[in-house]
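Novice: The structure is given below, and queries will be raised subsequently.
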Amino acid sequence: MIRAQIPTYTADIQPIFALHCSTCHQPGGVGPFSLLTYQDVVKRSKFIAKVTQIRYMPPFPADRQFQHYANERGLSESEINTIQSWVKGGMAEGEKPKAGMGKAQVESSEPRKPDLILKMKPYTVHGDGREDFRYFHVPMNLSEDVWVDAIEFVPGNRKLVHHSRLMVDSTGTMAGIDGIAEDDPHLRDFQKTPLADEFMYGWVPGNDRVTFPVGAAKRIRAGSDLILNVHYAPSAKADQDQSEVRLYFAKVPVARVVKTLSLTENNVTNQPFQLPANTRPAFYMNYGPIPDTIRLLSVMPHMHRLGRSMKAFAITPDGDAINLISIADWDYNWQLTYFFRQMLVLPKGSTIIAEAHYDNTDQNPLNPNHPARTVGYGWNSTDEMMNLVFYYVK
Ligand code: HEC
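Counted the way full-length UniProt numbering counts, the sequence shown spans residues 1 to 394.
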């Protein structure tokens, strides 16, 4: 059926917002305001037309022309146009939905009970209006190895928790890291011991539970501990957070072990990994040829604030290119774990190639160092990193 040309809120706009916006823009959500009702949307219509047109919202930094992802977010060209013509056309509400209908439904996946809930100790941010990066150590008390096929990070305080990174420590040496700030000089001591299977999961607002394909699971060894690295947004008043991690154990036999491949600064081919003050350096990675065929489930690029862009692809022994990720405008605040729609097979003998660009000049408004200073590798957000983290199975 062809509808009248001018879209209405009820018929055309509300469904777009329910699908693409309200996960975050609802009371208690991470978005700065709610976008559930006609009034909510009309009040900010100009702004909304702008941020959707430039594809700033919904946030999804990766180039969807380069590769598609299962957890892709974004409006189609026609959805963007519908919003534009609705705003220009006078923002008609349209026929009101019957009671109970048309309510924004945040579709949650089927309810599943976590097998292990790991809560950090409550933490209070000071309310000094500054960002706060903290490490937390959460004992897992595992007496035997467990197989995890889904991972969920649940922020305790959605207004505060900006993003977080979950790591597993099986060295048993990290208990003292609990509660320390990233600028605590003591943090350097903990970086000296390499973690066995360091990276578990990177969370940003709007990331749902990560579930591996049926039969695939990640092994966590008995005696391991969990380390959370949490980035708290600036807050004008003191406030508390107690975030938790929910682990789901595999209920079917584990046919495929999910492993993590972390390419780091050590894989950079143009060493040293140093960004001299007032330069815009690029670094390159070349990893391979890989000794066995692997199947990639996901990729998570990681840089800090000086990062500008990152691109990675693989070259098969036959010379075919397999696109992995391209982020043209790196956004430190929106670091996602990108899940491929299907496992990407990298045949034995393939090489992964990556390229990252940084801007360590005074002209970079995001430069955390004023004046610019020479920056090298480090966990602090004033240092830099170049990581590509993959989940894969054999
Ligand atoms: C994954 C969570 C998420 C989704 C989905 C999302 N937003 Fe947002 N939105 C945010 C957050 C967080 C902010 C505030 C920080 C920022 O601007 O990045 C924001 C900010 C905004 C702003 C203010 C921008 C500014 O510069 O202050 C507008 C307008 C907006 N969103 C509209 C939308 C619309 C419309 C959609 C759906 C098409 C949407 N958002 C989807 C999380 C989200």
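We put the beta carbon where it would ideally sit given N, CA and C, even for glycine. Since the model is a prediction, treat every value here as computed from it, not as a measurement.
What does ASN278 pair with, by DSSP beta-bridge criteria?
Specialist: The residue labelled residue 278 in the question sits at position 278 within the sequence shown. Its beta-bridge partners do not exist; DSSP assigns none.
Novice: Between VAL268 and the ligand HEC, is there a pair consisting of the residue's CB and a ligand heavy atom that are separated by less than 7 Å?
Specialist: As a position in the sequence shown, residue 268 is number 268, starting the count at 1. Not so, every heavy atom of the ligand HEC lies at least 7 Å from the Cβ.
Novice: Roughly how many angstroms separate the alpha carbons of ASP189 and SER22, rounded to a whole number?
Specialist: As a first step, residue 189 is located in the sequence shown; it is residue number 189 there, counting from the start. As a first step, residue 22 is located in the sequence shown; it is residue number 22 there, counting from the start. C-alpha separation (whole angstroms): 42 Å.
Novice: Any idea what DSSP makes of ASP208, helix, strand or coil?
Specialist: For the purposes of this step, residue 208 is identified with residue 208 of the sequence shown, where counting begins at 1. Coil.
Novice: Pull up the distance between the alpha-carbon of ILE13 and that of GLY94, whole angstroms please.
Specialist: Position 13 of the sequence shown, counted from the first residue, corresponds to residue 13. Position 94 of the sequence shown, counted from the first residue, corresponds to residue 94. Their backbone Cα atoms lie some 10 Å apart in a straight line.
Novice: For ASP149, which of LEU160, GLY179 and LEU247 has the nearest alpha-carbon?
Specialist: What you label residue 149 is simply residue 149 of the sequence shown in a count that begins at 1. Of LEU160, GLY179 and LEU247, the residue nearest in Cα terms is LEU247.
Novice: As a quick exercise: from THR351, MET174, HIS357 and PHE60, pick the residue whose alpha carbon is nearest that of ASP318.
Specialist: Reading the sequence shown from its first residue, position 318 is the one you call residue 318. Nearest C-alpha to ASP318: THR351.
Novice: Per DSSP, TRP203 is paired with what?
Specialist: Numbered from its first residue, the sequence shown carries residue 203 at position 203. Looking at the DSSP assignment, TRP203 forms a beta bridge with SER164.
Novice: In this structure, does DSSP put LYS218 in helix, strand or coil?
Specialist: Numbered from 1 along the sequence shown, position 218 holds the residue referred to as residue 218. Of the three classes helix, strand and coil, the one that applies to LYS218 here is strand, per DSSP.
Novice: Could you check which residue in THR10, MET167 and ALA49 has the C-alpha nearest to that of LEU36?
Specialist: In the sequence shown, counting from the first residue as 1, residue 36 sits at position 36. LEU36 has its Cα closest to that of THR10, out of THR10, MET167 and ALA49.
Novice: TYR38 bridges to which residues according to DSSP?
Specialist: In the sequence shown, counting from the first residue as 1, residue 38 sits at position 38. Per DSSP, none; premise fails for TYR38.
Novice: My output table needs one value for LYS50: the three-state DSSP class, helix, strand or coil.
Specialist: Locating residue 50 in the sequence shown gives position 50, counting from the first residue. Three-state result, LYS50: helix.
Novice: Classify GLY31: buried if its beta carbon has 16 or more other beta carbons within 10 angstroms, exposed otherwise.
Specialist: Taking the sequence shown and counting its residues from 1, the one referred to as residue 31 is at position 31. Buried is the call here.
Novice: Taking just the CA atoms, how far does ALA312 sit from MET386?
Specialist: Position 386 of the sequence shown, counted from the start, is the residue given in the question as residue 386. Position 312 of the sequence shown, counted from the start, is the residue given in the question as residue 312. About 12 Å.
Novice: Determine the direct distance from the alpha carbon of TYR232 to that of GLY223, and round the result to whole angstroms.
Specialist: As a first step, residue 223 must be located in the sequence shown, where it is residue number 223. As a first step, residue 232 must be located in the sequence shown, where it is residue number 232. The alpha-carbon atoms of GLY223 and TYR232 are separated by roughly 28 Å.
Novice: Alpha carbon to alpha carbon, how far is GLN240 from GLY129? Give it in angstroms, no decimals.
Specialist: Within the sequence shown, residue 129 is the residue found at index 129, counting from 1. Within the sequence shown, residue 240 is the residue found at index 240, counting from 1. Using only the alpha carbons, I get a separation of about 14 Å.
Novice: Does the Cβ of residue 397 have 16 or more other Cβ atoms within 10 Å, making it buried, or fewer, making it exposed?
Specialist: Nothing can be reported for residue 397, as the shown portion of the chain is limited to 1 through 394.
Novice: Return yes when the C-beta of ASN333 is under 7 Å from any heavy atom of the ligand HEC, and no when it is not.
Specialist: On the sequence shown, position 333 is the one that residue 333 refers to. True, at least one ligand heavy atom lies under 7 Å from that Cβ.
Novice: Measuring straight from C-alpha to C-alpha, what distance separates THR82 and ARG55?
Specialist: Residue 82 sits at position 82 when you count from the first residue of the sequence shown. Residue 55 sits at position 55 when you count from the first residue of the sequence shown. Roughly 14 Å between the two C-alpha positions.
Novice: May I have the straight-line CA-CA distance separating ARG280 from VAL254, to the nearest angstrom?
Specialist: As a first step, residue 280 must be located in the sequence shown, where it is residue number 280. As a first step, residue 254 must be located in the sequence shown, where it is residue number 254. Taking the straight line from one Cα to the other gives about 46 Å.
Novice: Suppose you measure from the CA of VAL252 to the CA of PRO213; what does that come to, to the nearest Å?
Specialist: On the sequence shown, residue 252 is found 252 positions in, with the first residue counted as 1. On the sequence shown, residue 213 is found 213 positions in, with the first residue counted as 1. Cα to Cα, the separation comes out at about 11 Å.
Novice: With H, G and I counted as helix, E and B as strand and the rest as coil, what does DSSP make of HIS68?
Specialist: Stepping through the sequence shown from its first residue, residue 68 is reached at position 68. Reduced to three states, the DSSP call for HIS68 is coil.
Novice: So, under 8 Å CB-CB, LYS259 and TYR377 are touching, yes? Tell me the CB distance rounded to an integer number of Å.
Specialist: Here residue 259 refers to the residue found at position 259 when the sequence shown is read from its first residue. Here residue 377 refers to the residue found at position 377 when the sequence shown is read from its first residue. Not really, about 24 Å apart at Cβ, beyond 8 Å.
Novice: Provide the residue span of the alpha helix (DSSP H) that contains ASP12, from first to last.
Specialist: Looking up residue 12 in the sequence shown gives position 12. Segment: none, ASP12 is in no alpha helix (DSSP H) and carries neither H nor E.
Novice: Assess, as a yes-or-no matter, whether the stretch 133-142 is touched by the stretch 173-184 under the definition of 3 or more beta carbon pairs within less than 8 Å.
Specialist: Yes, they touch.
Novice: Grab me the residues of ALA372's own chain with a C-beta within less than 7 Å of its C-beta, minus the 5 sequence neighbours each way, in chain order.
Specialist: On the sequence shown, position 372 is the one that residue 372 refers to. Here the set comprises ALA277, ASN278, ASN360, THR361 and ASP362.
Novice: If you count every other CB in all the chains shown that lies within 10 Å of the CB of ASN267, and 16 or more means buried, which is it?
Specialist: Start at 1 with the first residue of the sequence shown, and residue 267 comes out as number 267. Its Cβ being crowded by 16 or more others within 10 Å, ASN267 is buried.
Novice: For the alpha helix (DSSP H) that ILE227 lies in, which residues bound it at each end?
Specialist: In the sequence shown, the residue the question calls residue 227 occupies position 227. No alpha helix (DSSP H) contains ILE227, which is instead part of the beta strand (DSSP E) from 225-232.
Novice: Under a three-way DSSP split, which group does ASP189 fall into?
Specialist: One-based indexing of the sequence shown puts residue 189 at position 189. Of the three classes helix, strand and coil, the one that applies to ASP189 here is helix, per DSSP.
Novice: Skipping 5 residues on each side, what residues in its chain have a beta carbon closer than 6 Å to that of GLU107?
Specialist: Within the sequence shown, residue 107 is the residue found at index 107, counting from 1. Per-residue confidence for GLU107 stands at a pLDDT of 40, beneath the threshold of 50, marking its modelled position as unreliable; the derived number appears in the next sentence. Correct list: empty, nothing qualifies.
Novice: Within 10 angstroms of the Cβ of residue 396, are there 16 or more other Cβ atoms? Answer buried if so, exposed if not.
Specialist: What the structure shows of the chain is the stretch from 1 to 394, and residue 396 is not part of that stretch, so it cannot be assessed.
Novice: Short of 7 Å in beta carbon distance, which residues of its chain neighbour ARG112, apart from the five on each side in sequence? Order them along the chain.
Specialist: Indexing the sequence shown from 1 puts residue 112 at position 112. Excluding residues within five positions, the ones whose Cβ falls inside 7 Å are TYR248.
Novice: Taking only the alpha-carbon atoms, compute the straight-line gap between THR211 and CYS24 and give it to the nearest angstrom.
Specialist: Here residue 211 corresponds to residue number 211 of the sequence shown, with the count starting at 1. Here residue 24 corresponds to residue number 24 of the sequence shown, with the count starting at 1. Roughly 20 Å between the two C-alpha positions.
Novice: Alpha carbon to alpha carbon, what distance is there between ASP63 and ILE353?
Specialist: Within the sequence shown, numbered from 1, the residue matching residue 353 stands at position 353. Within the sequence shown, numbered from 1, the residue matching residue 63 stands at position 63. Cα-Cα distance, rounded: 17 Å.
Novice: Under the three-state reduction of DSSP, which class applies to THR293: helix, strand or coil?
Specialist: Your numbering for residue 293 matches position 293 in the sequence shown. Three-state DSSP puts THR293 in coil, outside helix and strand.
Novice: Would you decide whether LYS218 is buried or exposed? Buried here means 16 or more other CB atoms lie within 10 Å of its CB.
Specialist: Stepping through the sequence shown from its first residue, residue 218 is reached at position 218. By the 10 Å Cβ count, LYS218 comes out buried.
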